[in-house]
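Reviewing the structure listed below.
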Amino acid sequence: MKTLTRQQYQLCDIQGRLFELALKGGYDCPAFIKAFMNSQTAAALDDVYDRLQWAGEEYILEELADEVHGLKMAGVTYAVEIMYWAGYTYRYWHYYTKESSREIYQTADAETMNACWLGFHTLDVEMAIDDLKEIHAQTD
Numbered sequence: 000m001k002t003l004t005r006q007q008y009q010l011c012d013i014q015g016r017l018f019e020l021a022l023k024g025g026y027d028c029p030a031f032i033k034a035f036m037n038s039q040t041a042a043a044l045d046d047v048y049d050r051l052q053w054a055g056e057e058y059i060l061e062e063l064a065d066e067v068h069g070l071k072m073a074g075v076t077y078a079v080e081i082m083y084w085a086g087y088t089y090r091y092w093h094y095y096t097k098e099s100s101r102e103i104y105q106t107a108d109a110e111t112m113n114a115c116w117l118g119f120h121t122l123d124v125e126m127a128i129d130d131l132k133e134i135h136a137q138t139d
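The sequence shown begins at 0 in numbering that gives the first Met the number 0 and counts up by one.
Structural data, given as structure tokens:
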């Protein structure tokens, strides 16, 4: 079990709340997740230090919307619990493996996270990540 710093745990929580905020804002969940995980905004959160890491989820959502010139509204929605878990798990995954958000998304996209939530959300987050990586390896 990797020990995260207090700041890293806070960023996991902020990213979870960011994903929840996207749902509450009426954005298409898979489109939001894809846009975020492949964005410079997510890459800034992946950095060792970036000013965005000190921002709240509302500001990060605005930064992403500006970067991608608007986010897709309506469409597919996921439950709030799924959105929080996906956001938190993706950020934890970065700290656990040092993979970039873009690489993580290539391993477990939004649809995969949605499909796996029911069985994985009660697992230790590192076990869930290992299982997501194993699922991906089996499909290659």
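Here a beta-carbon is modelled for each residue, glycine too, at the ideal position from N, C-alpha and C.
Alpha helix (DSSP H) segment containing residue i, residue limits
i, result
"Gln39", "39 to 45"
"Tyr89", "79 to 96"
"Ser99", "Note, Ser99: premise wrong, no alpha helix (DSSP H); not H, not E."
"Leu117", "109 to 119"
"Ala127", "124 to 138"
C-alpha distance - residue i paired with residue j, whole-angstrom precision
i, j, result
"Ala78", "Gly118", "15 Å"
"Ala85", "Ala127", "11 Å"
"Leu70", "Leu51", "19 Å"
"Tyr91", "Gln7", "8 Å"
"Ser104", "Thr4", "Sequence check: residue 104 is Tyr here, not Ser. For Tyr104 and Thr4, the distance between alpha carbons rounds to 23 Å."
"Pro29", "Ser100", "15 Å"
"Phe35", "Leu63", "7 Å"
"His93", "Met112", "15 Å"
"Val67", "Leu60", "11 Å"
Classification of residue i by the beta-carbon crowding that lies within 10 angstroms, buried from 16 upward
i, result
"Asp46", "exposed"
"Tyr48", "exposed"
"Ala109", "buried"
"Asp27", "buried"
"Ala136", "exposed"
Which residues DSSP lists as bridging residue i, in chain order
i, result
"Met72", "Tyr26"
Quick test of the definition: if touching needs 3 or more C-beta pairs under 8 Å, does the segment 48 to 65 touch the segment 13 to 28?
Enough Cβ pairs lie closer than 8 Å, so yes.
Per the contact definition of three or more C-beta pairs closer than 8 Å, is the segment 121 to 136 in contact with the segment 68 to 81?
no
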